[in-house]
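**Q** I'd like to ask some things about the structure below.
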Amino acid sequence: MHPDVIILGAGAAGLMCALTAAQRGRSVLVLEKSNKVGKKILMSGGGRCNFTNYHVTAENFICSNPHFVKSALHRYTPEDFIDLVETHGIEYEERRHGQLFCQNSAKDIVTMLLAECHSAGVNILTHCNSVDVTPTAENSGYCLTFEHDNTRQTQRCESLVIATGALSIPTLGGSDFGYAIARKFGLKLIERRAGLVPFMFTGSTKNLCERLSGLALEIEVRCNDQSFTENMLFTHRGLSGPAILQISNYWHPGDLLIINLFPEIDAHHWLLDTKRSQPSIHLKTLLSQVLAKSLVTELMQEFWSTLDGRRLDSIADAQLRQVAQQLQHWALKPAATEGYRTAEVTLGGVCADGISSKTMEAKDHTGLFFIGEVLDVSGHLGGFNFQWAWSSGHCAGQCV
Ligand SMILES: Cc1cc2nc3c(=O)[nH]c(=O)nc-3n(C[C@H](O)[C@H](O)[C@H](O)COP(=O)(O)OP(=O)(O)OC[C@H]3O[C@@H](n4cnc5c(N)ncnc54)[C@H](O)[C@@H]3O)c2cc1C
């Protein structure tokens, strides 16, 4: 017996598609390459899964066609997913910027998806590495070749859904299989690169980051007309933390990052005002009142070694202006990102032009669907990537 629908990949998008299709009465088989389903869900959000966000808009996504995500996000909203979470009695909490996390464990989300799949009759097979897809001879569906238990098998289906994710973190299932299938069926691909990923530096900047490793502070970071105000973390290799991961989506090799260590105030005015109100205070002492001492020591050494030990009233206003400029426009040039090894997402992917935004079906191939991260859709940090997986998975599940 052949199932109506085969879904390749039991990640967030694949499981959502499976339960939606099975609830409509379709017979569904999900084939998963690894030994476990939903590995990325289990690892996400520090083990608590940031499963959606209260403030989801198309602006939270990067896609060559900025309108592409709108229909799916409208058809399956964060509220729809929250309803499901609440129906299963999963406790969750809101954190900064409307991010919703499980209170107990990300495992609750996988258990919920599996329970829904189970009660709708979805068949899930792990340890199945899909190797090829061809249209059936009569062009009424697809033939899938996969390896299971060291044997090569073939299955036919009416609708085939590619939910194999993207390249990030190969140990969690990252794979280029979806792109190979897209290419085979003549779909355009948008160039891939690592997103939501830490930066690495070389030379003196790397040494500075290494010495400050573990220090986190709120900053504003800018690159290519985008900016984010969030925490930044110094690491042994360079920079990480939410602000840095967010801006990495907009960075290209060679670009500078501009870091503002005082996102809330005008540092020049602050220095001049303090010079008037506390003329005898040392610059280093003043800066150490608002920034970590270790960071101030590094900054003094790197940029203002001649001002070390100087009172504010001994520093000319023009020099204070330069200090302020440095504090608010610290330009750093990353050598590279850490790449797919640690990237939370892959930017680029299967081009939206060839895909229906309502159903996720390939426009030129009836019955062939692409959902989730394999598509050229990447969200900001904050639960947006899972919301895209739920929304795109649900839309395809309604049509397969
Ligand atoms: C460490 C980490 C933390 C994250 N935290 C969050 C977060 O808190 N919030 C958020 O919104 N997003 C988060 N993300 C991003 C989010 O996990 C992804 O955007 C989302 O999982 C994409 O869903 P997907 O179903 O498209 O792909 P995946 O979840 O990657 O699922 C794809 C599945 O396909 C399987 N597969 C691959 N190739 C084959 C093949 N040939 N045959 C069969 N199966 C195959 C894989 O094993 C995998 O199970 C995080 C990502 C990472 C790496």
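Heads up: the sequence shown at position 13 corresponds to 103 in my numbering, and the numbers run straight through without jumps.
We put the beta carbon where it would ideally sit given N, CA and C, even for glycine.
For H157, is the classification buried or exposed, using 16 other Cβ atoms within 10 angstroms of its Cβ as the cut-off for buried?
**A** Its Cβ having fewer than 16 others within 10 Å, H157 is exposed.
**Q** DSSP three-state call for Q193: helix, strand or coil?
**A** Of the three classes helix, strand and coil, the one that applies to Q193 here is coil, per DSSP.
**Q** Taking the alpha carbon of G231 as the point to measure from, which residue in K197, I96, N350, R282 has its own alpha carbon closest?
**A** Here the closest residue by C-alpha is I96.
**Q** In angstroms, rounded to a whole number, what distance separates the CA positions of I172 and H178?
**A** Using only the alpha carbons, I get a separation of about 10 Å.
**Q** Is V386 helix, strand or coil by DSSP?
**A** The answer is helix: DSSP assigns V386 an H, G or I state.
**Q** Verify whether the separation of the beta carbon atoms of N339 and G285 is less than 9 Å.
**A** It is a contact, given that the beta carbons lie within the stated cut-off.
**Q** Just verifying my parser: in three-state terms, what is the DSSP assignment at Y182?
**A** In this structure, Y182 counts as strand in the three-state DSSP scheme.
**Q** For Q477, verify whether its CB is less than 8 Å away from any heavy atom of ligand 2.
**A** The model on display carries ligand 1 but not ligand 2.
**Q** Taking DSSP's pairing of strands, which residues face T142 in a bridge?
**A** BP columns for T142 point to L190.
**Q** Run the CB neighbour count on I337, radius 10 Å, all protein chains shown included, and call it buried at 16 or more, exposed below.
**A** I337 comes out buried.
**Q** Under three-state DSSP, which class holds W394?
**A** W394 falls in the coil class under three-state DSSP.
**Q** Tell whether a beta-carbon distance below 9 Å holds between R260 and L335.
**A** The sequence as given places Pro at residue 260; Arg does not occur at that position. No, Cβ-Cβ distance for P260 and L335 is not below 9 Å.
**Q** Using DSSP with H/G/I as helix, E/B as strand and the rest coil, what is W360?
**A** Helix, per DSSP.
**Q** Short of 7 Å in beta carbon distance, which residues of its chain neighbour R312, apart from the five on each side in sequence? Order them along the chain.
**A** Counting only Cβ-Cβ distances below 7 Å, and skipping sequence neighbours, we find I348.
**Q** Between T325, F318, G344, which lies nearest to P332 when the distance is taken from Cα to Cα?
**A** When only C-alpha atoms are compared, the closest one is F318.
**Q** Please classify D466: is it buried, with 16 or more other beta-carbons within 10 angstroms of its beta-carbon, or exposed?
**A** Flag for D466 reads buried.
**Q** Tell me whether the stretch 111-126 and the stretch 416-430 touch, counting them as touching only if at least three CB pairs, one residue from each stretch, are closer than 8 Å.
**A** No: the two stretches stay apart, fewer than three of their Cβ pairs being nearer than 8 Å.
**Q** In angstroms, rounded to a whole number, what distance separates the CA positions of R246 and K453?
**A** The straight-line gap from Cα to Cα measures roughly 21 Å.
**Q** I'd like to check one pair, Q477 with F141: are the Cβ atoms closer than 9 Å?
**A** Yes, they are a contact pair.
**Q** So V127 and L204 are in contact, right, with Cβ under 8 Å, and what is the actual spacing, rounded?
**A** That pair is a contact at about 7 Å.
**Q** Using DSSP with H/G/I as helix, E/B as strand and the rest coil, what is W420?
**A** The answer is strand: DSSP assigns W420 an E or B state.
**Q** Going along the chain, which residues of its own chain have a beta-carbon closer than 8 Å to the beta-carbon of N314, five neighbours each way excluded?
**A** Answer for N314: Y340, W341, H342, D345, listed in chain order.
**Q** Can I214 and A102 be called in contact, C-beta distance under 9 Å?
**A** No.
**Q** Return yes when at least one heavy atom of ligand 1 lies under 8 Å from the C-beta of I259, else no.
**A** The answer is yes for I259.
**Q** Is any non-hydrogen atom of ligand 1 found closer than 8 Å to the C-beta of S134, if you look at the structure I gave you?
**A** Checking every heavy atom of ligand 1 against the Cβ of S134, one is found closer than 8 Å.
**Q** Is S124 near ligand 1, in the sense that its beta carbon is under 8 Å from a heavy atom of that ligand?
**A** Yes.
**Q** Exposed or buried, what is G472 when buried is set at 16 or more other beta-carbons lying within 10 Å of its beta-carbon?
**A** Classification of G472: buried, given that the 10 Å Cβ count is 16 or more.
**Q** Determine the direct distance from the alpha carbon of A421 to that of N194, and round the result to whole angstroms.
**A** Those two C-alpha atoms are separated by around 40 Å.
**Q** Using DSSP with H/G/I as helix, E/B as strand and the rest coil, what is A425?
**A** In this structure, A425 counts as coil in the three-state DSSP scheme.
**Q** Tell me the DSSP secondary structure of A113 in three-state form.
**A** The question names Ala, but residue 113 in the sequence shown is Gln. Correct three-state label for Q113: helix.
**Q** Does the distance from the CB of L389 to the CB of L402 come in under 9 Å?
**A** No, Cβ-Cβ distance for L389 and L402 is not below 9 Å.
**Q** Nearest-angstrom Cα distance between K365 and I309?
**A** Spanning the two alpha carbons is a distance of roughly 24 Å.
**Q** On a CA-only basis, which of A108, S209, V223 is nearest P243? Give me that one, please.
**A** The amino acid at residue 243 is misidentified as Pro; the sequence shows Gln. The residue with the shortest Cα to Cα distance from Q243 is V223.
**Q** When you compare each of T147, S395, G115 to C207 by their alpha carbons, which one comes out closest?
**A** Comparing Cα positions, the closest option is G115.
**Q** Using a Cβ-Cβ cutoff of less than 7 Å, which residues in the same chain neighbour I461 once the five nearest sequence positions on both sides are dropped?
**A** Result list for I461: A103, C107, V251, A253, M450, S482, G483, A486, in chain order.
**Q** Just how far apart, CA to CA, sit E354 and G293?
**A** Approximately 30 Å between the Cα atoms of the pair.
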